[in-house]
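**Student:** Numbering-wise, this note's numbering comes out as the position in the sequence shown, counting from 1, plus 11. For every residue, glycine included, the Cβ atom is placed at its ideal position computed from N, Cα and C. Right, I'll just put the structure down here and ask away after.
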Amino acid sequence: MATKKDYYDILGINKNVGPDEIKTAYRKLARKYHPDMNSESEKKAAEEKFKELSEAYEVLIDPKKKQMYDQYGHQGVDQQFGPGGFDFSRDFTHSGDIEDILGNLLGNLFGGGFSRRASGDSDSVINRIFGGGGGGNRRGSDLRINIQLTLKEIANGVTKKIKIKKYEKCKTCGGIGGKGLKTCPKCGGSGRVKQVTSTIFGQMMNVVACPECEGRGKIISERCNECRGSGIAENIATVAIKIPGGVKAGNYISLRGQGNAGRNGGTSGDLIAVIDEQKNDIFERRDGNIFMKLPISFSVAALGGKVEVPTLDGKVSMRIPRGTQSGKIFKLRGKGLANLNNYRKGDELVEVSVRVPEKLSSEAEKTIKELSQLLNDEY
Ligand SMILES: [Zn+2]
Ligand SMILES: [Zn+2]
Numbered sequence: 012m013a014t015k016k017d018y019y020d021i022l023g024i025n026k027n028v029g030p031d032e033i034k035t036a037y038r039k040l041a042r043k044y045h046p047d048m049n050s051e052s053e054k055k056a057a058e059e060k061f062k063e064l065s066e067a068y069e070v071l072i073d074p075k076k077k078q079m080y081d082q083y084g085h086q087g088v089d090q091q092f093g094p095g096g097f098d099f100s101r102d103f104t105h106s107g108d109i110e111d112i113l114g115n116l117l118g119n120l121f122g123g124g125f126s127r128r129a130s131g132d133s134d135s136v137i138n139r140i141f142g143g144g145g146g147g148n149r150r151g152s153d154l155r156i157n158i159q160l161t162l163k164e165i166a167n168g169v170t171k172k173i174k175i176k177k178y179e180k181c182k183t184c185g186g187i188g189g190k191g192l193k194t195c196p197k198c199g200g201s202g203r204v205k206q207v208t209s210t211i212f213g214q215m216m217n218v219v220a221c222p223e224c225e226g227r228g229k230i231i232s233e234r235c236n237e238c239r240g241s242g243i244a245e246n247i248a249t250v251a252i253k254i255p256g257g258v259k260a261g262n263y264i265s266l267r268g269q270g271n272a273g274r275n276g277g278t279s280g281d282l283i284a285v286i287d288e289q290k291n292d293i294f295e296r297r298d299g300n301i302f303m304k305l306p307i308s309f310s311v312a313a314l315g316g317k318v319e320v321p322t323l324d325g326k327v328s329m330r331i332p333r334g335t336q337s338g339k340i341f342k343l344r345g346k347g348l349a350n351l352n353n354y355r356k357g358d359e360l361v362e363v364s365v366r367v368p369e370k371l372s373s374e375a376e377k378t379i380k381e382l383s384q385l386l387n388d389e390y
């Protein structure tokens, strides 16, 4: 086998780009190399390129796989794919992401009316294109969501209740798709049929999953009316996600089995919650510490005194010692962010600056001049 190309090179991106850029790069190239967008003579090459792109995307868009790839290269992710390496029809779980590309094309190919009932459906559309043999009960797709957190939520950790649209097991049939199993008459129970298909690559002879029973060899005698036999239904689900304090943008939490339910009793995908940090008007995050600037008056700076300082838990009083200079940083211990690795909380760092009045009454001006003489200020 030839040496595999670097996934980042395939998508023409560098290691530091975020999911949006990965998606954009993939969409652009997938559109360019989609077999149907290329002439007859170039279809085969385009198909190879399209699969290569999709493999790179499959890995890089998934935070877990990306991390493994960044750390260990192809070896780190190859075992995630089935035997023989990446197989588009089996291992590509992000068909939903290219739905707009495929959707338009498939609309033309299959006489319009293409709509995606479940992620599993576009999988099977892809199976039809690439001749893959998807079984009847497929694992549900992973769901990826972004969670916006305020600095205060990051400081202490939070449990977020999020409403998401996802496929769940049909309550009426319990995910089976109906009741009363019988041997499929089309394939005689083998789950496989020979099929000559006119694909976008020309005529193909394939052994494919039986379309009648979707490869299971058995069909349901009485189809569930609620889910029309798919075993899944789209619902709005409320998911509680417990987020520990101290997380950073780009961190993610993977909730096993909380993604889309699989069709016909297949296992559910995972829910992957990616952390986003909301900007704070007052504080700037510095790892586990938070930083802010606080203007203080000349008299407090010179004579000392107490000032009110905002923290993530409300205002506290802070003592300013006599003779404090601009730029001095005070530390409020434990007023920063929780740490993911230990119990010590970070600090709040307060940098003071001496505020100079901009408008002066003539009396104030006179007093400052007198003070300057008293202090022997030369400049
Ligand atoms: Zn049902
Ligand atoms: Zn069958």
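Closest to residue 187 by C-alpha separation, out of 174, 193, 240, would be which residue?
**Tutor:** Taking the first residue of the sequence shown as position 1, residue 187 is located at position 176. Of the candidates 174, 193, 240, the one whose C-alpha sits nearest the C-alpha of residue 187 is 240.
**Student:** Residue 296: which of 347, 35, 326, 201 sits nearest, CA to CA?
**Tutor:** By 1-based counting over the sequence shown, the position of residue 296 is 285. Of 347, 35, 326, 201, the residue nearest in Cα terms is 347.
**Student:** Between which residues of its own chain and residue 216 is the CB-CB distance below 6 Å, once the five residues before and five after are set aside?
**Tutor:** Taking the first residue of the sequence shown as position 1, residue 216 is located at position 205. So the qualifying residues of the chain are 207.
**Student:** For residue 178, which residues does DSSP report across the bridge?
**Tutor:** Along the sequence shown, one-based indexing puts residue 178 at 167. When beta bridges are read from the DSSP output, residue 178 appears opposite 245.
**Student:** Within 10 angstroms of its Cβ, does residue 258 collect 16 or more other Cβ (buried), or is it exposed?
**Tutor:** For the purposes of this step, residue 258 is identified with residue 247 of the sequence shown, where counting begins at 1. So residue 258 counts as buried.
**Student:** Assuming residue 87 is part of the alpha helix (DSSP H), what are its boundary residues?
**Tutor:** Translated into positions along the sequence shown, residue 87 becomes position 76. Counting along the chain, the alpha helix (DSSP H) containing residue 87 begins and ends at 85-89.
**Student:** Taking 5 Å as the limit, name every residue whose beta carbon sits nearer than that to some heavy atom of ligand 2, in sequence order.
**Tutor:** Residues with their Cβ less than 5 Å from any non-hydrogen atom of ligand 2, running along the chain, are 195, 197, 198, 221, 223, 224.
**Student:** Quick one, which of 26, 20, 25, 58 has its alpha-carbon nearest residue 213's?
**Tutor:** The sequence position of residue 213 within the sequence shown is 202, counting from 1. Of 26, 20, 25, 58, the residue nearest in Cα terms is 58.
**Student:** In chain order, what residues of the same chain have a beta carbon less than 8 Å from the beta carbon of residue 15, not counting five sequence neighbours either side?
**Tutor:** Taking the first residue of the sequence shown as position 1, residue 15 is located at position 4. Excluding residues within five positions, the ones whose Cβ falls inside 8 Å are 85.
**Student:** Quick one: measure Cβ to Cβ for residue 309 and residue 365, integer angstroms, because I've assumed they're closer than 8 Å.
**Tutor:** By 1-based counting over the sequence shown, the position of residue 309 is 298. By 1-based counting over the sequence shown, the position of residue 365 is 354. That pair is a contact at about 6 Å.
**Student:** Considering only their Cβ atoms, is the gap separating residue 56 from residue 349 smaller than 8 Å?
**Tutor:** For the purposes of this step, residue 349 is taken as the residue at position 338 of the sequence shown. For the purposes of this step, residue 56 is taken as the residue at position 45 of the sequence shown. No, Cβ-Cβ distance for residue 349 and residue 56 is not below 8 Å.
**Student:** Exposed or buried, what is residue 141 when buried is set at 16 or more other beta-carbons lying within 10 Å of its beta-carbon?
**Tutor:** Within the sequence shown, the letter at position 130 stands for residue 141. Because the pLDDT of residue 141 is 34, which lies under 50, any placement of that residue in the model is unreliable, and the number read from its coordinates should be weighed accordingly. Residue 141 comes out buried.
**Student:** Give the secondary structure of residue 298 by DSSP, where H, G and I count as helix, E and B as strand, and everything else as coil.
**Tutor:** Against the sequence shown, residue 298 aligns to sequence position 287. Three-state result, residue 298: coil.
**Student:** So the alpha helix (DSSP H) residue 384 belongs to, where does it begin and stop?
**Tutor:** The residue given as residue 384 occupies position 373 in the sequence shown. Residue 384: member of the alpha helix (DSSP H) spanning 373-386, first to last residue.
**Student:** In angstroms, rounded to a whole number, what distance separates the CA positions of residue 128 and residue 274?
**Tutor:** Within the sequence shown, the letter at position 117 stands for residue 128. Within the sequence shown, the letter at position 263 stands for residue 274. Reliability fails at residue 128, whose pLDDT of 31 lies under 50, so the model's placement of it is uncertain and the value that follows must be treated cautiously. C-alpha separation (whole angstroms): 11 Å.
**Student:** Given a cut-off of 8 Å, decide if residue 244 and residue 233 are closer than it, judged by their beta-carbon atoms.
**Tutor:** Stepping through the sequence shown from its first residue, residue 233 is reached at position 222. Stepping through the sequence shown from its first residue, residue 244 is reached at position 233. No; because the gap between Cβ atoms is not below 8 Å, this pair is not in contact.
**Student:** Taking all protein chains shown into account, do 16 or more other C-beta atoms lie within 10 angstroms of the C-beta of residue 277, making it buried, or fewer, making it exposed?
**Tutor:** Taking the sequence shown and counting its residues from 1, the one referred to as residue 277 is at position 266. Result: buried.
**Student:** Between which two residues does the alpha helix (DSSP H) containing residue 31 stretch?
**Tutor:** On the sequence shown, residue 31 is found 20 positions in, with the first residue counted as 1. Where residue 31 is concerned, the enclosing alpha helix (DSSP H) stretches over 30-44.
**Student:** Looking at residue 254: is its Cβ nearer than 8 Å to the Cβ of residue 160?
**Tutor:** Counting from one through the sequence shown, the residue named residue 254 turns up at place 243. Counting from one through the sequence shown, the residue named residue 160 turns up at place 149. Yes, the pair counts as a contact, with Cβ atoms nearer than the cut-off.
**Student:** Within a Cβ cutoff of 7 Å, which residues of the same chain sit near residue 37, ignoring the five residues on either side of it in sequence?
**Tutor:** If you number the sequence shown from 1, residue 37 lands on position 26. Result list for residue 37: 22, 64, 68, in chain order.
**Student:** If residue 343 and residue 327 are in contact, beta carbons under 8 Å, what's the gap, nearest whole angstrom?
**Tutor:** Position 332 of the sequence shown, counted from the start, is the residue given in the question as residue 343. Position 316 of the sequence shown, counted from the start, is the residue given in the question as residue 327. Confirmed, Cβ separation roughly 7 Å.
**Student:** What is the residue span of the alpha helix (DSSP H) that residue 64 lies within?
**Tutor:** Taking the first residue of the sequence shown as position 1, residue 64 is located at position 53. Note, residue 64: alpha helix (DSSP H), 54-71.
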